[in-house]
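Reviewing the structure listed below.
Residue numbers (my numbering), protein chains in the order written: chain A, 48 to 523; chain B, 45 to 383.
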């Protein structure tokens, strides 16, 4: 059951109806919460079994081990190891075999291992649960709660990786499942769908062609394809996250925001606080701090940054380009930290020009790292990067939908700026953007809101790219 | 009562939204309706004097002439006509970028070139309609430029073209369907559905795509050429030349493929020698655009197909392609006159 499918839409409507009926029939709040949670847990496992029943077994085993070992503080590390080992086995075994065989020039056959749906996300959630219990942030929970936390179907395939505390708090409260939550959820879902099928999928056409045949195109076009990928990956992944947030909202849950205008970040540090926020927060909490964070001296801080980002890169996939992408970002973060230290720029108010330059430089750095991230191999990444800066002549193709995307993005940024203009800056970091993204939610009970929403839906369907392409983060 | 009120509100909102969407889509895709061609020299013509706009594939716009073809104005007795598919019709470029307009500009009134290209008319259908295309003018045009995107002919299709039995595209120009087609929102939405919009929402039902690689190193001698088909087709075309005292020039534009190493190759041109030799044998002029397109790519870094709204080197002919063909046709016509 994929995020864009009639089956999923029907499934969500069914669960929504069941939750409404349960709310209507059971007047006791406690009992209603329990029944609703059971409905969601069963629905989530149906979702996983629909993909493959074996995936449900893996999910079930990780759930049981996390629940069991979290209860015993002394052995909680076993829960973490089991989650990590499962992720390692399913995701990285072939990568290690490939690398080993390549180094020692051995002949071998790849193992046929299928990647269970959402394992990258729920294994991290499992670690978060076990560690949070160990750190005393939360109390250990019953098996049903842990199972729902890990399996909750709107977020299982591509996140966001919600913190256990936030999820359990919502699980225990009487959630709103009514027409209001439905209207809000549907709007957020449509917002994400438009990002995916109108913008990301159309950009994918251009990106795919230029990245497959970079030698046919001139430097400018290769660079523009890099910019197009920069927008594609954002609209693809943030579109997915919005759709997950929308579905969860229909079912009464608030999932955390995964993106907050990352391309308006003034520096790479701020970027990682705005990009894939749930993964960044997870990495900071459970990897960076685990390694000692910035408490063990300057050198260790930089090493920790590198290691954290290397881990983050490796999480994306078992390939060298992801590892190098992680290292490049670790390098970027370290350089920025050094820059801040020696220029003390975090204590100065930035003017508009400096802000714009900072934003552009941060974005250019990310575009550069994305070339490594996107390429099928390191040699291909090298070809693309050299082509980009060699000023070679070739076909020039200024892609129309890239221009449309930039215009839409600029309008969205202006709207976000106007909406967040009055925000008060807390702390001394004056060069951090004040901008906050928001969902343009309309009141669908009023005629103007309903008309606007229907116009948005109609245009989304009329402008959608019908060729389709899989979600970029679906494979992680 | 509450439900009725809610439903009425939703219906009203839907109608108002459809109007707003239609207004917005007028600048994105404005497609007139087909009507049956009274002269019977194409399956259909576009609604006469109707405006069209496209941004779906390519960016273009214009107004069909009073005969329903893509010309700035009607020509009663042109001395040259161009017939062919949507490439010739040129609805993916502005009206002043298509090859017939460019030729008219180049000849500066010396010749009148009339565009009778219609979307969906492939080479067989174009040939089937050739006699009717010539009959519709009081004075028979001296030259017929026939576009082809294929050079591989099949006997069945050739026979169908000669017998006038190539599959006919129906026009729905009356009643409710015609009315619905005039609403831009419904028109675009329908074409989105045709293109697979709903398939996006049914990924579970999508068959796995199996790509069969084209075997490399296939030489022309290994290609199975249906000689009878070529003979039949060119005898037929030669008889038209004779009967109408006109000359036929066929121009072939192959699809280009951008290769990973930065070179360019061409599809659908394996049978070009068979096609050219049979044309030559029957006194029909044949232009193969392959080498022109190659030069265009390597020297000017341009490709004849594809638009900024989609992939380069993919789909319909772009303004550069129209211009390249117009240049070549101009040279050929000028040389023919000199001879």
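Using N, Cα and C, we set each Cβ at its ideal position, and we do this for glycine too.
All values derive from a computational prediction rather than experimental measurement.
Below-8 Å beta-carbon distance, residue i vs any chain E residue
i, result
"residue 331 of chain B", "Among the chains of the structure shown, chain E does not appear; the protein chains present are A and B."
Exposed unless 16 or more other CB atoms sit within 10 angstroms - verdict on residue i
i, result
"residue 421 of chain A", "buried"
"residue 135 of chain B", "buried"
"residue 465 of chain A", "exposed"
"residue 64 of chain A", "exposed"
"residue 99 of chain A", "exposed"
"residue 472 of chain A", "The predicted position of residue 472 of chain A is uncertain, since its pLDDT is 49 and thus under 50; no value can be drawn from it."
"residue 403 of chain A", "exposed"
"residue 342 of chain B", "exposed"
"residue 48 of chain B", "exposed"
"residue 169 of chain B", "buried"
"residue 85 of chain A", "exposed"
"residue 317 of chain A", "buried"
"residue 212 of chain B", "exposed"
"residue 142 of chain B", "buried"
"residue 59 of chain A", "buried"
Of the listed residues the options, nearest to residue i (C-alpha basis)
i, options, result
"residue 269 of chain B", "B:237, B:313 and B:285", "B:313"
"residue 505 of chain A", "B:96, B:363, B:61 and B:273", "B:61"
"residue 106 of chain B", "B:134, B:113 and B:139", "B:139"
"residue 374 of chain B", "B:207, B:149 and B:195", "B:149"
"residue 10 of chain A", "A:440, A:193, A:217 and A:136", "Here chain A covers residues 48 to 523 and nothing more, so residue 10 of chain A does not appear."
"residue 69 of chain A", "A:61, A:258, A:82 and A:59", "A:82"
"residue 282 of chain A", "A:103, A:156 and A:308", "A:308"
"residue 202 of chain B", "B:236, B:271 and B:218", "B:271"
"residue 159 of chain A", "A:392, A:166 and A:139", "A:139"
"residue 365 of chain A", "A:130, A:177 and A:145", "A:145"
"residue 37 of chain A", "A:459, A:155, A:206 and A:110", "Lying before the first or after the last residue shown, residue 37 of chain A is absent from chain A, which here runs from 48 to 523."
"residue 106 of chain A", "A:143, A:87 and A:169", "A:169"
"residue 265 of chain A", "B:323, B:75, B:356 and B:219", "B:356"
"residue 118 of chain B", "B:298, B:101, B:144 and B:302", "B:144"
"residue 198 of chain A", "A:339, A:141 and A:110", "A:110"
"residue 196 of chain A", "A:175, A:182 and A:181", "A:175"
"residue 427 of chain A", "A:258, A:381, A:497 and A:151", "A:258"
"residue 216 of chain A", "A:154, A:163 and A:301", "A:301"
"residue 376 of chain A", "A:52, A:314 and A:57", "A:314"
Per DSSP, the bridge partner or partners of residue i
i, result
"residue 80 of chain B", "B:88"
"residue 291 of chain B", "B:187"
"residue 331 of chain B", "B:295"
"residue 361 of chain B", "B:349"
"residue 356 of chain B", "B:350"
"residue 300 of chain B", "B:310"
"residue 98 of chain B", "B:73 and B:104"
"residue 192 of chain B", "B:296"
"residue 264 of chain A", "A:442"
Three-state secondary structure (DSSP) of residue i
i, result
"residue 452 of chain A", "helix"
"residue 482 of chain A", "coil"
"residue 246 of chain B", "coil"
"residue 126 of chain B", "strand"
"residue 282 of chain A", "helix"
"residue 159 of chain B", "strand"
"residue 367 of chain B", "helix"
"residue 264 of chain B", "Low per-residue confidence applies at residue 264 of chain B: pLDDT is 49, beneath 50, and the placement is therefore not dependable enough to give any value."
"residue 442 of chain A", "strand"
"residue 211 of chain B", "coil"
"residue 174 of chain A", "helix"
"residue 293 of chain A", "helix"
"residue 119 of chain B", "coil"
"residue 471 of chain A", "For residue 471 of chain A, the predicted model reports a pLDDT of 45, less than 50, meaning its position is unreliable and no value from the coordinates is stated."
"residue 388 of chain A", "helix"
"residue 356 of chain A", "helix"
"residue 326 of chain B", "coil"
heavy atom of the ligand PLP below 7 Å from residue i C-beta
i, result
"residue 69 of chain B", "Within the structure as shown, the ligand PLP is missing, as the structure has no ligands at all."
- request: Using a Cβ-Cβ cut-off of less than 9 Å, list which residues of the segment 233–246 of chain A approach chain B; keep chain order.
  value: Going along the segment 233–246 of chain A in chain order, one finds 244 with a Cβ nearer than 9 Å to chain B.
field: Against chain B: residues of the segment 48–60 of chain A by CB proximity under 7 Å
entry: Residues 49, 51, 52, 53 and 54.
- prompt: Going along the segment 409–426 of chain A in order, which residues come within less than 7 Å of chain B, judged by CB to CB distance?
  reply: The segment 409–426 of chain A vs chain B, Cβ under 7 Å: nothing.
- prompt: Just by C-beta distance, which residues in the segment 342–362 of chain B are closer than 9 Å to chain A?
  reply: Within the segment 342–362 of chain B, 345, 346, 347, 350, 351, 352, 353, 354, 355, 356, 357 and 358 place their CB atoms closer than 9 Å to a CB of chain A, listed in sequence order.
task: Please list the residues of the segment 296–307 of chain B that have a C-beta atom closer than 7 Å to any C-beta atom in chain A, keeping them in chain order.
output: So the close ones are 302, 303, 304, 305 and 306.
- prompt: If contact means a Cβ-Cβ distance below 7 Å, which residues of the segment 489–508 of chain A contact chain B?
  reply: Of all residues in the segment 489–508 of chain A, 494, 497, 498, 501, 502, 505, 506 and 508 have a Cβ within less than 7 Å of some Cβ in chain B.
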